[in-house]
Amino acid sequence: MHPDTHAQQHWYLATLGHKALVRELASLGLPASAATHDPLSLAGRCLIADPIGYPEAHRAAELVLAPLHTAQTFTATVTDEDNALEHTGVVPVLEERQAGAVTGWYAELLLFEHSTRLNKAAYRLSRMPGDPTWIIDSDFLPSGHPGMLRPFGSRRPGSGKRTLLPPFVAELNRLIAQGPGSAA
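Numbering (our numbering), first residue to last: 128 to 311.
Structure, rendered in structure tokens:
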């Protein structure tokens, strides 16, 4: 089962777009505790905000969701022991970025397993010169709260690196090779 637009938007607002959503909602006088305590609930409330009854919350969600409008997608199969699990990857951001004097690749990735929408992931990734693969800089727990946060281009100790599985690496590399603006 492919993730529907609502599922993609909800997961993006709860994870990769959460800080931007909180920043947009701050001008509305929302208490900080209400905005950060439960990312999934906040994302859900903003998605169902009526553009007429709650135009500010609706506008905030729409601004934060802008990267999803041009997101690239892919389907990849991951073999785990005897099972083959199919995933949809949604890539709202894939671009070159600079960290000091070094330029590398930055990506945001939402993953949805086709058999269930409960097993999903959200990552901020980087691939710097000399990296053989994509490194996970940030990931998010099923609650929407961050599990690990490291800034793009941060120093990486050798044994502490977490990387993507090869099928996802291949898809990100394929999207880079296709060039900007090409949807899969």
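Just so it is clear, CB atoms sit at the ideal spot from N, CA and C, and this is done for glycine as well.
Output the residue ranges of the alpha helix (DSSP H) runs that lie fully inside the segment 159-214 and measure 4 residues or longer, sorted by chain position. 159-163, 166-174, 182-191, 193-196
Where does A248 sit, in a helix, a strand or coil, going by DSSP? strand
Which residue's Cα is closest to the Cα of S154: A187, F267, A226? A187
G235: which of E222, V229, A226, A211 sits nearest, CA to CA? As written in the sequence, residue 235 is Glu, which differs from the Gly given in the question. Considering only alpha carbons, the answer is E222.
Where does W138 fall in DSSP's three states? helix
Under the three-state DSSP convention, the category P293 falls into: helix
Inter-stretch contact at 8 Å, needing at least 3 Cβ pairs: the segment 175-185 / the segment 211-228: no
Endpoints, alpha helix (DSSP H) assigned at E148: Looking at the sequence provided, one finds Leu at residue 148 rather than Glu. L148 -> alpha helix (DSSP H) spans 145-153.
DSSP-derived helix/strand/coil call for T132: helix
Quick one: give me the first and last residue of the beta strand (DSSP E) that G231 is part of. 229-240
Exposed unless 16 or more other CB atoms sit within 10 angstroms - verdict on R150: exposed
For L268, which of helix, strand or coil comes out of DSSP? coil
Taking the alpha carbon of P293 as the reference point, which residue from T197, T204, Q136 has its own alpha carbon closest? T204
Identity of the residue in G271, T230, A304 nearest H137 by Cα: G271
Taking the beta carbon of T142 as the centre, do at least 16 other beta carbons fall within 10 Å, making it buried, or is it exposed? buried
Using the C-alpha atoms, what's the distance from P130 back to D258? 31 Å
Given that a residue counts as buried once 16 or more other Cβ atoms are within 10 Å of its Cβ, and exposed if not, what is S168? exposed
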